[in-house]
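A.B. asks:
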Amino acid sequence: MPAGDKFQKGQPPVWRAALFGLCPECGAPTLFDGPVKFRAKCESCGLDTGRYNVGDGPAAFLTLIIGALLIGVALTLDAALRPPLWVHIVLWIPLTAAAVVYGLRVGKGALLASEHQRQAAEGRKVDKND
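Using the working numbering, the first residue of the sequence shown is number 472, and each one after it goes up by one.
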């Protein structure tokens, strides 16, 4: 086991759970129920993914990064080869959609796996009088 991967037996490291959509508890490929929607519960171990608050944090960040990278590549291609407009449309629209969807899967999967392995929970106010 690599030195940086701290997890219990059966639990995949965060990077593997994120890349392959694995359950952070048992490692089964049951994290997603659709392109970027989490399953309510893991079919193998019953882990309730609803208790984690991943939200849409990765959406804007990843979309901006992917957009900037693809615009740079598109402009380079255009400057080098001068293809017609239809080539850009056929090439960049599906590539952008696929990159954003897969990026969201990886980002959301990483956040959920990280929360699970670190046992993150909502903050609670503690009354000092108790």
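All residues carry an ideal CB built from backbone N, CA and C; glycine is no exception.
1) With a Cβ-Cβ cutoff of 8 Å, do Val525 and Val572 count as a contact?
2) Leaving aside the five residues before and after Cys497 along the sequence, list all residues of the same chain whose C-beta is less than 8 Å from its C-beta, in chain order.
3) By a C-beta neighbour count over all protein chains shown, 10 Å radius and 16 as the cutoff for buried, is His587 buried or exposed?
4) Please confirm if the stretch 521–539 is in contact with the stretch 566–582, defined as three or more CB-CB distances below 8 Å between the two stretches.
5) Which stretch, first to last residue, makes up the alpha helix (DSSP H) that contains Thr622?
6) Of the residues Ala570, Pro495, Arg522 and Leu546, which one's Cα is nearest the Cα of Glu593?
7) Report yes if the C-beta distance between Gly492 and Gly580 is below 8 Å; otherwise report no.
8) Taking Cβ positions, are Gly528 and Leu582 nearer each other than 8 Å?
9) What distance in whole Å lies between the Cβ atoms of Ala570 and Leu541, which are believed to be in contact at a cut-off of 8 Å?
10) If you reduce the DSSP assignment to three classes, tell me which class Lys579 lands in.
11) For Pro473, count the other beta carbons within 10 Å of its own beta carbon; 16 or more makes it buried, fewer makes it exposed. Which is it?
C.D. replies: In brief:
1) no
2) Gly481, Gln482, Cys513, Ser515, Cys516 and Leu518
3) buried
4) yes
5) With the chain running from 472 to 601 in the structure shown, residue 622 is simply not present.
6) Arg522
7) yes
8) yes
9) 7 Å
10) helix
11) A caution first: Pro473 carries a pLDDT of 45, below 50, which makes its placement in the model too unreliable to give a value.
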